[in-house]
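Asks: The sequence shown maps to residues 12 to 250 in this note's numbering.
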Amino acid sequence: NAFHLLAYLSMLQEQKLLVNLGSYNNQPKRWTWDPDQIEGETTISSNVVELIKATISKQPQKLKDLLQLVSCLGTSFERDIVICAFPHMHDGTDPSQVGKVVDELLSLAVRKAFLERQGDSRYRWVHDSIQAAAMQQVSEADIVVYKFKLGMELIQSLEEKDVESNLLDIVNLLLHSDEECSEEDRATLLSLCLKAAKKSTELTSFDSCVIYAERGISLLPVEKWTQEREVSLELYSLL
12 NAFHLLAYLS MLQEQKLLVN LGSYNNQPKR WTWDPDQIEG ETTISSNVVE LIKATISKQP
72 QKLKDLLQLV SCLGTSFERD IVICAFPHMH DGTDPSQVGK VVDELLSLAV RKAFLERQGD
132 SRYRWVHDSI QAAAMQQVSE ADIVVYKFKL GMELIQSLEE KDVESNLLDI VNLLLHSDEE
192 CSEEDRATLL SLCLKAAKKS TELTSFDSCV IYAERGISLL PVEKWTQERE VSLELYSLL
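Take a look at the structure:
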């Protein structure tokens with residue numbers, strides 16, 4: 012697997028176990044390594060995600076925080092979404108410096124081949140294994156809570172048009188959490204689930220439509236046929 016090999020070599024270089032000596036007299040670049048040191052200080056894994064997790068774990072904390080955040084935003088994402096969410100998900104960032112900090116971290120992630128640019132303001136993961144490794148920096152239970160918090164922060168911070176344009180990504184963050192939420196948040200999430208279900212039918216993604224509709228139904232009050240009759244009819248009709 013070429014990507015697996017590149018991930019392993021990148022890990023060795025990151026840990027300074029594979030050293031670039033540069034070129035000499037117009038000859039190709041030369042590298043040096045100590046096989047005994049590599050064997051003693053690393054574990055060869057057949058799982059590329061584990062290799063990348065090891066590399067990510069050695070990055071600066073702010074970069075790890077950024078990678079964890081954007082791993083929840085899908086295979087690609089907009090810079091402005093990250094700027095909106097980052098100060099809420101990372102303590103200690105000066106609000107006036109958020110744009111600069113995020114741009115520096117995104118540039119660093121590109122240089123380290125975690126991300127690549129798509130145009131001026133959009134980024135995507137170089138490989139889905141990197142996204143999986145970034146998300147697995149915390150436990151599965153913790154990532155569900157983290158996603159819910161991120162989704163709610165985006166709903167509260169983004170303008171309505173931006174929520175609409177990122178609707179499915181935001182609702183996906185909120186699907187699997189059992190977190191208690193206020194009546195206002197429940198109503199907001201219920202509305203978003205209905206919108207996401209309808210949008211999925213427009214995209215002919217009927218399996219996703221059912222998932223969103225079922226999540227919406229789970230948010231209905233006990234007396235749904237009297238308190239939320241219209242919404243209940245719409246959700247059940249989408250199953």
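Yeah, the Cβ is synthetic: ideal placement off N, Cα and C, and Gly gets one too.
(1) Can you grab the Cα-Cα spacing for the pair Arg128 / Ser87, in whole Å?
(2) The alpha helix (DSSP H) with Thr237 in it runs from where to where?
(3) Tell me Val109's beta-bridge partners as DSSP assigns them.
(4) Would Leu62 and Ala120 qualify as a contact pair, given that the criterion is a beta-carbon distance under 8 Å?
(5) Should Gln79 be labelled buried (16 or more other beta-carbon atoms within 10 Å of its own) or exposed?
(6) Measuring alpha carbon to alpha carbon, tell me which residue in Arg135, Pro106, Asp76, Ile141 is nearest Ala253.
(7) Which complete alpha helix (DSSP H) runs does the region 109-161 hold, if anything under 4 residues is left out?
(8) When you compare the CB of Cys83 with every CB in chain B, is at least one pair closer than 8 Å?
(9) Between Thr212 and the rest of its own chain, which residues show a CB-CB distance below 6 Å, the 5 nearest in sequence each way excluded?
(10) Which of helix, strand or coil does DSSP assign to Ser216?
(11) Taking all protein chains shown into account, decide if Phe97 is buried (16 or more other Cβ within 10 angstroms of its Cβ) or exposed.
(12) Can the beta-carbon of Glu239 be found less than 8 Å from the beta-carbon of Leu231?
Replies: According to the data block:
(1) The count along the sequence shown starts at 1 and reaches residue 128 at position 117. The count along the sequence shown starts at 1 and reaches residue 87 at position 76. Cα-Cα distance, rounded: 9 Å.
(2) Here residue 237 corresponds to residue number 226 of the sequence shown, with the count starting at 1. Taken as a continuous stretch (DSSP letters only), the alpha helix (DSSP H) holding Thr237 covers 235-238.
(3) Counting from one through the sequence shown, the residue named residue 109 turns up at place 98. Bridge partners of Val109: none, in fact.
(4) For the purposes of this step, residue 62 is identified with residue 51 of the sequence shown, where counting begins at 1. For the purposes of this step, residue 120 is identified with residue 109 of the sequence shown, where counting begins at 1. No. Outside cutoff.
(5) In the sequence shown, counting from the first residue as 1, residue 79 sits at position 68. So Gln79 ends up on the buried side.
(6) For residue 253 there is no data in the structure shown, the boundaries of the chain being 12 and 250.
(7) 109-122, 139-146
(8) The structure shown contains no chain B; it holds only a single protein chain.
(9) Along the sequence shown, read from residue 1 onward, the residue named residue 212 stands at position 201. Cβ within range, chain order: Cys220.
(10) Here the question's residue 216 lines up with position 205 in the sequence shown. Here Ser216 sits in coil by DSSP.
(11) As a first step, residue 97 must be located in the sequence shown, where it is residue number 86. Buried, since its Cβ has 16 or more Cβ neighbours within 10 Å.
(12) Counted from its first residue, the sequence shown places residue 239 at position 228. Counted from its first residue, the sequence shown places residue 231 at position 220. Cβ atoms of Glu239 and Leu231: closer than 8 Å.
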